[in-house]
Structures are given as C-alpha cells and as structure tokens.
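Here is the structure we will look at.
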Amino acid sequence: KAGVTQTPRYLIKTRGQQVTLSCSPISGHRSVSWYQQTPGQGLQFLFEYFSETQRNKGNFPGRFSGRQFSNSRSEMNVSTLELGDSALYLCASSLSGRNQETQYFGPGTRLLVL
Amino acid sequence: GQQVMQIPQYQHVQEGEDFTTYCNSSTTLSNIQWYKQRPGGHPVFLIQLVKSGEVKKQKRLTFQFGEAKKNSSLHITATQTTDVGTYFCAGRYGGSQGNLIFGKGTKLSVKP
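Chains G and X, in that order, are what the protein sequence lines are. When we follow my numbering, the leftmost residue of the first sequence carries the number 1, and every step to the right adds one. When we follow my numbering, the leftmost residue of the second sequence carries the number 1001, and every step to the right adds one.
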C-alpha cells in the first residue's frame, strides 16, 4: 500500500501571499489530520477531517483552513502568510480517526515564508 | 488547555548507554502514542499504550503507561547510532475523536 503523500514537498512564499498544500491519505483511510511543526512550538494540531467534514480544530487563526474531498484527499490553505508560518506541515491519515487508531504521517511540506 | 510535558529536551549518550524519556499530563489520558522522527524525516509511529500500567516491549525499547494514565516513559537499552532522532509522545484525551497532543520531543544523539 502506498503511504501518505504530500505535495509540494518544498515551497517558498513571501509575506501576504497564500498557499495551498495537498495531502493524499493511504488508500481506504478516511480521516486526515494536519499538523504544524516548528522548532519552537513542536508539533501542533491544526484540524482533522473525516468524510469531508471538519471534525476537530486546533488553536490556530482563521487564516488556516482546510477541506476534504469525496476521495478523502485533503487540502489546507493558509492565507495572508506571515513569517511565523514557516514550518513543516504534516498530514496524517487513519482509517476513521477513532481514538485508538494509528496515524500514519506523510513526509510533510516544508514552507518557507520570506 | 491540555498539555503533554516531555523531558528531557535533549539527551546525549555514548553508544551502549541507556536512554529514557518521560511524558506527563496533568489530566488523565485516554491513550498515549510514541513516535520517532529521524533528522529530516517525518514522525513514524512506534507504539500505542491504552491500559493503565501497561508495559510493552519492542526489542531494546520498553514503553510504560502509568497507573493513573497521566504519565508514560520510553526506555532504550544499550543505545545504538541507529537510535538517533527525536522521540515524541502524543496523548489523547477522552472521547472517540480527540486530537493528538504532542509533547515537545526528546532529541537523542548517540556518540559512537
């Protein structure tokens, strides 16, 4: 089975721009979660989608949004980029996002905001 | 809010020495997961602990979940250079759809 894939792998943007990141979960997985990883804050939960609905949301501003398509692929969007948004953005998939399920992480998209 | 504290932040050991990282939550966890992230890589799932007092082993790695389900530890016996990386614990609170709260991680370096 192919793992979680994320595109693009690397991205450079400037302040004020917006960006869209894509995540394709493992085949059959319907839950996709997004995380932001920075050296200072570590891994922080952004949001989780299941069956095209946002089911959980972390403590991030409204500039961070996401969506999930009927094939379970997910996108996250960050508008009006700030320097502090530079980070590794990871998505993770699981079968249904239930409490005891394993999450499988993708390789991440490394975003640099100049 | 809910937080998972992890210590130490860094650990430098000589190859062959043991290593332990600890995670603590102020409130009861539903379960806890452990991940390893190699330099430049992404977190890779190691194990999940669910039951109070649970102990699981994977070769040289021993994982424990406290009786009160508020703390957990990962112990590596006789470290090897391949153990290098950052080890994260991630806790889930309540419900069936609680999101994972990650500790800040312990970065392990092993000197050959």
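Quick reminder that beta carbons are idealized off the backbone N, C-alpha and C, glycines included.
Under the Cβ criterion of 7 angstroms, H1042 (chain X) is counted among the residues facing chain G. Counting the other Cβ atoms within 10 Å of the Cβ of A92 (chain G) gives 16 or more, which makes it buried. For the set X:K1111, X:V1110, X:T1106 and X:A1068, the Cα lying nearest the Cα of W1034 (chain X) is the one of X:T1106. In this structure the stretch 73-90 of chain G does not touch the stretch 1060-1073 of chain X; the number of beta carbon pairs closer than 8 angstroms is below three.
Taking a cut-off of 8 angstroms on C-beta distances, the stretch 83-90 of chain G touches the stretch 101-112 of chain G, as three or more cross pairs fall below it. In the displayed model, L81 (chain G) falls within coil according to three-state DSSP, outside both helix and strand. The CB of Q1080 (chain X) never comes closer than 8 angstroms to any CB in chain G; the least such distance is about 23 angstroms. Interface residue (Cβ-Cβ distance to chain X less than 7 angstroms): L43 (chain G) is classified as such.
In this structure, DSSP gives T1082 (chain X) a helical state, which the three-state scheme calls helix.
Rounded to whole angstroms, D1018 (chain X) and G1041 (chain X) show a C-alpha spacing of 24 angstroms.
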